[in-house]
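Residues -10 to 169 in my numbering are what the sequence shown lists, from first letter to last. Quick notes on the structure that follows.
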Amino acid sequence: LIYVWLIVHAGFGLWRRRHDIDWSPSRWPLIVALGVGVFWLPVAMVSPVWATVLIFVMLGGAVTAFLLAPPEDPWLGAAPLGLFAGWLTAASFVSLGLLAAGWGYAGQQDAAWIALLAALVVAAVIQSAGRSPFYGAAVAWALIAVGVQNLGGSIGLQALGFGGALVMAALAFAVGRRRV
C-alpha cells in the first residue's frame, strides 16, 4: 500500500506538478529516503548496525519530505509521504531497540520499552505539525502490530503498543479534523 501510493504520488507529481513550486521542496528528501532504501535490505542481511544507520537516514529524508509536503492535493501529496514517514518512524525505533538488546546495552524488555516510548514521543511531535493524519495512522498501525506481537507475552508491551496506537489515532484524528 505505501509503495503503491508513493508511485502514484511520484507519477502525479511528475505529470501534473512538475513545475509547481509547492511540490519541489519535498522531492529531494524523498529521493534520499527512497535511494537509501534501495540498499537497506542487502545491508540489513549483513550488518544490523549499518542497517539501523541507513533506516534513520531514510527516516530523516521521509520526515523532511512529509513536513515539506505540498498543502494542495492532500491525497496525493502529504498522505503517501505521511504513511511512509510514519512507517519508518516505527521501524527505525524498533531497529534501534533490537540493536540495543542485541549488543547488550539493555535487556530485551527494557530496550523494547525505551524504543517504543522514544518512537511514540517523536511521532507525537511530528504528528503535531499537522500536515496529514496519515502519518499518525501509520504509526498507530505499527503500534497495533507491536501489541498483537506481544499477545501472550509481555502485558506491559501489549499495553504500550495498544495504548500508543490510541494516542497516535487521537492525534491523527485531531489533525484530520483541523484540515477539513
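The C-beta atom is built at its ideal place from N, Cα and C for all residues, glycine as well.
Could you check the C-alpha separation between residue 171 and residue 23 for me, to the nearest Å?
Lying before the first or after the last residue shown, residue 171 is absent from the chain, which here runs from -10 to 169.
Would you say the segment 36 to 44 touches the segment 94 to 108, given that touching needs at least three Cβ pairs under 8 Å?
The segment 36 to 44 makes no contact with the segment 94 to 108, as fewer than three CB pairs between them are under 8 Å.
Runs of 4 residues minimum, wholly inside the segment -2 to 69: which ones carry the alpha helix (DSSP H) assignment?
For the segment -2 to 69, whole alpha helix (DSSP H) runs of length 4 or above, ordered along the chain, are 13 to 35 and 37 to 56.
Could you give the distance in angstroms between the alpha-carbon of residue 90 and the alpha-carbon of residue 81?
In the sequence shown, residue 90 corresponds to position 101, counting from 1. In the sequence shown, residue 81 corresponds to position 92, counting from 1. Spanning the two alpha carbons is a distance of roughly 14 Å.
Residue environment, residue 75, which counts as buried when at least 16 other CB atoms sit within 10 Å:
Within the sequence shown, numbered from 1, the residue matching residue 75 stands at position 86. Around the beta carbon of residue 75, 16 or more other beta carbons sit within 10 angstroms, so the residue counts as buried.
Using a Cβ-Cβ cutoff of less than 6 Å, which residues in the same chain neighbour residue 54 once the five nearest sequence positions on both sides are dropped?
The residue you call residue 54 lines up with position 65 of the sequence shown. Spatial neighbours of residue 54 in its own chain (CB-CB distance under 6 Å, excluding positions within 5 residues in sequence) are listed in chain order as 15, 18, 19 and 70.
Is DSSP giving residue 148 helix, strand or coil here?
Here residue 148 is taken as the residue at index 159 of the sequence shown, counted from 1. Residue 148 falls in the helix class under three-state DSSP.
Considering only C-alpha positions, which residue in the set -1, 105 and 27 is nearest to residue 136?
Counting from 1 along the sequence shown, the entry for residue 136 is found at position 147. Ranking -1, 105 and 27 by Cα distance to residue 136 puts 105 first.
CB of residue 161 within 9 Å of CB of residue 116, strictly
Residue numbering aside, residue 161 sits at position 172 when the sequence shown is read from its first letter. Residue numbering aside, residue 116 sits at position 127 when the sequence shown is read from its first letter. For residue 161 and residue 116, yes; Cβs fall inside 9 Å.
So what does DSSP say about residue 92, is it helix, strand or coil?
As a first step, residue 92 must be located in the sequence shown, where it is residue number 103. Of the three classes helix, strand and coil, the one that applies to residue 92 here is coil, per DSSP.
Apart from the five residues just before and just after residue 120, which ones in its own chain have a Cβ nearer than 7 Å to its Cβ?
Translated into positions along the sequence shown, residue 120 becomes position 131. Excluding sequence neighbours, residue 120 sits near 55, 56, 58, 67 and 71.
Alpha-carbon to alpha-carbon, residue 65 and residue 132:
Here residue 132 is taken as the residue at index 143 of the sequence shown, counted from 1. Here residue 65 is taken as the residue at index 76 of the sequence shown, counted from 1. Straight across, the Cα-Cα distance linking residue 132 with residue 65 is about 25 Å.
Inter-residue CB distance, residue 109 and residue 156 (contact presumed, cutoff 8 Å):
In the sequence shown, residue 109 corresponds to position 120, counting from 1. In the sequence shown, residue 156 corresponds to position 167, counting from 1. The Cβ separation is near 7 Å, so the contact holds.
Straight-line Cα distance separating residue 152 from residue 143:
Within the sequence shown, the letter at position 154 stands for residue 143. Within the sequence shown, the letter at position 163 stands for residue 152. About 14 Å.
Going by the beta-carbon positions, is the gap between residue 42 and residue 77 smaller than 9 Å?
For this step, residue 42 is matched to residue 53 along the sequence shown. For this step, residue 77 is matched to residue 88 along the sequence shown. Cβ distance not < 9 Å, so residue 42 and residue 77 don't count as in contact.
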